[in-house]
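Engineer: Just so we're aligned, residue 40 is where the sequence shown starts under our numbering, counting upward by one.
From the three backbone atoms N, C-alpha and C, an ideal C-beta is built for every residue, glycine too.
No experiment lies behind these values; they were computed from the predicted model shown.
Here it is, the structure in full.
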Amino acid sequence: MSVKVAHYLQQHLRGEVMTSRDALKYFSTDGSVFEQMPAVIVYPRNTADVRKSCRFVWQLAEKGHIVPITARGKGTDQAGAALGKGIIMVFPAHMNKILEIDKNSATVQPGLIYAKLEQTLHTHGRFLPPYPSSIEFSTLGGAVANNAAGEKTVKYGQTREFVKSLNVVLANGELISTKRLTAKQLAKKRELTTFEGEIYRSLDDLISENWGLINEKQNKKVSKNSSGYDLIDVKRSDGSFDLTPLIVGSQGTLGVVTQINLKTVPYNPKTSLIAAFFDDVHKFEGAVSELLGTEPSALEVVDDNLLEFVKKHNPNQLKGIIDEKIPKLVLLVEYDNASDRVRSKKTKQAKKILNRYSYEYQVTSDIDEQEQLWKIRHSAAAVIWQVVGKAKAVPIIEDGVVPRERFIDYLNGVYALYNKYKLDAAVWGHAGDSNLHMQPFLDLSNPEDRKKVFKIADDYYRMVLEMGGSTSGEHNDGRLRAPYLPFVYGKEMYALFRRVKNIFDPYGIMNPGVKIDVRQSEIAGMLRQEYSMEHLYDHMPRS
Ligand SMILES: Cc1cc2nc3c(=O)[nH]c(=O)nc-3n(C[C@H](O)[C@H](O)[C@H](O)COP(=O)(O)OP(=O)(O)OC[C@H]3O[C@@H](n4cnc5c(N)ncnc54)[C@H](O)[C@@H]3O)c2cc1C
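This is how it looks when you write it as structure tokens:
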């Protein structure tokens, strides 16, 4: 079947279609611990290529042959959502352009590298705040599909809040444009006899009939969340309706995004940065609670284990920043307000707070000195890229988020978990959101370590949920966290998610095996023998 599919696509698409062993192998891994060999790689040149591929696959599905389509950016996904056994549709090769930048928005193709957009926006005095720390090597399509977030999210929010409209190719190849519609415009959409009309009718009915449940199951206790399908923001009390927030965060399981229109905000490169050092988690927690009231543009944390790790493996990295005493926790507090007066006022407020809680802090407005201080937070990369013996830091419990007031319980719970499995802990992340990152060192070629993977994951996700949290603050469900989704939202809400998936994708073509109907036994069989990010080395035809 894959030979036939490739042959048809080669005949009909402008972009390249590959089935070479090298290409298939390259796209058989992403940033996760899983692997899956695809059948065909497609590098679409334009929206017509995407539409033709989807339409062809839909026609095959009507005849009973299912060939999945997985859209892919740079494949940095940490939960296995950029893998698939059918067609991998790779966007960064050709559909990677900035189409338009105007006063307060940008229109881009999904394969654009995030950092390229950000650099261009800076020259216009604007920026897109929810950039992930993988900004240099991930795409806007991936960020939209994952509802990505980062260090600025504490002030500005997640990707969803910045997506104004999308062009989406539906499972049957129809192209739709999403944006907020008035009640009158929605009524018109409902009258359409196309697949788009069917989607609007079914989804509008589903949301109206289940509004109480959707509202009740919304996790209002956490400040960020990338788990599940976002149904709460689709229909508003004024009757307006927008598919955009639902497509954002849906990981290519509802359609393929071919164009993105984003809101941008003013960029101020003049910031004030404070690095504060704590010897006690309670004092740290007290400081974070009060500092949140000053509306910082970043509130980031690293723990002593991470600093010890960096000192051991990369001794020069923190030289002159942290030398003698290793603090229990370091907090980075940033203010990016455009007005010098406001920034200075907020910095003063922060110093007052820190005088009561931290044993030492450094404040600077100087860009070079700030770069030095940011190294403390960015040293997390040392863990991610380091090899310890045969073990590597594996992303299996890397993104849980809990209610703000549970921060200390969360931190202690993580330490207890690492202790239980006799692993060295290291924690970093977004203190302002209680969204912590961590990656235990495991050797996936070792049967004992392999057995631990899902035990650690089960313990961790149970703990996060018991605290009223969510399994993913920003990296999304993918394959890894999909089996926990019924526990995150409850059975009834999960049944709604399943119906949403079925409305958009009745044949199960759009990135199946991600988010919905995923069993742990299934993904256990996909566990890699060796974890690496080799796939990040390029395998792209040139435009
Ligand atoms: C070192 C490291 C640090 C990271 N830090 C962060 C962080 O700070 N915050 C964060 O949120 N994430 C982070 N991530 C996870 C990941 O990098 C981001 O979520 C990123 O936005 C994914 O982009 P990508 O281009 O690699 O997408 P991919 O991995 O290629 O794809 C991700 C998902 O998007 C879907 N997708 C891609 N393109 C399309 C499209 N055109 N239409 C529909 N669906 C599409 C894919 O099917 C998949 O489900 C990190 C990952 C690594 C390895």
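DSSP puts Ala474 in a beta bridge; with which residues?
Structural biologist: Position check: residue 474 holds Asn in this sequence, whereas Ala was assumed. Beta-bridge pairing links Asn474 to Val440 and His469.
Engineer: Which same chain residues, not among the five before or five after Thr303, have their C-beta less than 7 Å away from its C-beta?
Structural biologist: Closer than 7 Å at Cβ, skipping near neighbours: Asn143, Ser144, Ala145, Leu160, Arg165, Phe166 and Leu167.
Engineer: For Thr233, collect the residues of the same chain with a Cβ closer than 8 Å to its Cβ; drop the 5 residues on either side in sequence, then sort them by chain order.
Structural biologist: So the list reads Glu213, once near-sequence residues are dropped.
Engineer: Could you tell me which residues DSSP pairs with Ser144 in its beta bridges?
Structural biologist: Asp141 and Lys302
Engineer: Looking at C-beta atoms only, is the number of pairs between the segment 479 to 491 and the segment 84 to 101 that lie closer than 8 Å three or more?
Structural biologist: no
Engineer: If you measure between the beta carbons of His469 and Thr198, is that distance less than 8 Å?
Structural biologist: no
Engineer: CB-CB under 6 Å to Glu190, same chain, minus the five flanking residues each way: which ones, in chain order?
Structural biologist: These residues qualify, in order along the chain: Ala337 and Glu339.
Engineer: For the pair the segment 433 to 452 and the segment 470 to 477, tell me if three or more CB-CB distances fall below 8 Å.
Structural biologist: yes
Engineer: Please work out which residues of its chain come closer than 7 Å, Cβ to Cβ, to Tyr449, disregarding the five sequence neighbours upstream and downstream, and give them in chain order.
Structural biologist: Here the set comprises Val441, Ser473, Leu475 and Met506.
Engineer: Would DSSP call Glu213 helix, strand or coil?
Structural biologist: coil
Engineer: How many whole angstroms separate the CB atoms of Ala534 and Ile555, which I take to be in contact at a CB cut-off of 8 Å?
Structural biologist: With 8 Å as the limit, Ala534 and Ile555 do not qualify as a contact, their Cβ atoms being about 10 Å apart.
Engineer: Compute the minimum distance between the beta carbon of Ser418 and the heavy atoms of ligand 1, and state whether it is under 7 Å.
Structural biologist: Distance from the C-beta of Ser418 to the nearest heavy atom of ligand 1 is not below 7 Å.
Engineer: Quick check on Pro77: buried or exposed, where buried means 16 or more other Cβ atoms within 10 Å of its Cβ?
Structural biologist: buried
Engineer: For the segment 496 to 563, which segments carrying the beta strand (DSSP E) assignment without a break, of at least 3 residues, lie completely within its bounds, in sequence order?
Structural biologist: none
Engineer: Classify Asn85 as helix, strand or coil using the three-state DSSP reduction.
Structural biologist: coil
Engineer: Ordered along the chain, which non-local residues of its own chain (more than five positions away) have a Cβ less than 6 Å from that of Glu324?
Structural biologist: Phe446 and Ile447
Engineer: Since I believe Ile299 is in contact with Pro169 (beta carbons under 8 Å), could you give me their beta-carbon distance rounded to a whole number of angstroms?
Structural biologist: With a Cβ gap of about 13 Å, Pro169 and Ile299 do not count as contacting.
Engineer: Cα separation between Ala564 and Phe73?
Structural biologist: For the sequence presented, residue 564 should be read as Gly rather than Ala. For Gly564 and Phe73, the distance between alpha carbons rounds to 9 Å.
Engineer: Using C-beta distances below 6 Å, list every residue in its chain close to Ser582, excluding the 5 sequence neighbours before and after it, in chain order.
Structural biologist: Only weak support is given to the placement of Ser582: the predicted model assigns it a pLDDT of 47, under 50, and the question is left unresolved by the model.
Engineer: With which residues is Ser311 paired in a DSSP beta bridge?
Structural biologist: Tyr374
Engineer: Closer than 7 Å by C-beta to Arg53: which residues in its own chain qualify, once you throw out the five before and the five after it? Chain order, please.
Structural biologist: Arg84, Asn85 and Asp88
Engineer: Identify the residues that DSSP records as bridge partners of Ala430: which are they?
Structural biologist: Val427
Engineer: Name, in chain order, the residues that DSSP records as bridge partners for Leu338.
Structural biologist: Val372
Engineer: Would Gln290 be called buried (16 or more neighbouring beta carbons within 10 Å of its own) or exposed?
Structural biologist: buried
Engineer: According to the neighbour-count rule (16 or more other Cβ atoms, all chains shown, within 10 Å of its Cβ), is Pro308 buried or exposed?
Structural biologist: exposed
Engineer: Could you spell out the range, first to last residue, of the beta strand (DSSP E) harbouring Tyr400?
Structural biologist: Unbroken beta strand (DSSP E) run through Tyr400: Glu399 to Thr403.
Engineer: Taking the alpha-carbon positions, what's the Gly103 to Tyr239 distance?
Structural biologist: The alpha-carbon atoms of Gly103 and Tyr239 are separated by roughly 26 Å.
Engineer: Would Leu285 count as contacting chain C if we go by Cβ distances under 8 Å?
Structural biologist: Absent from the structure is chain C; it holds one protein chain and no more.
Engineer: So, helix, strand or coil for Leu481, using DSSP?
Structural biologist: strand
Engineer: Can you give the Cα-Cα distance for Tyr65 and Met57, rounded to whole angstroms?
Structural biologist: 12 Å
Engineer: Taking DSSP as the reference, what is the three-state secondary structure of Thr283?
Structural biologist: helix
Engineer: My guess is that Thr310 and Tyr374 are in contact by the Cβ rule of under 8 Å, so how many angstroms apart are they, rounded?
Structural biologist: 6 Å
Engineer: If the criterion is Cβ atoms closer than 8 Å, does the pair Asn515 and Ala118 meet it?
Structural biologist: Yes, they are a contact pair.
Engineer: Within the segment 171 to 232, note down every full alpha helix (DSSP H) run reaching 4 residues or more, in order along the chain.
Structural biologist: Whole alpha helix (DSSP H) segments, 4+ residues: 179 to 185, 192 to 195 and 222 to 230.
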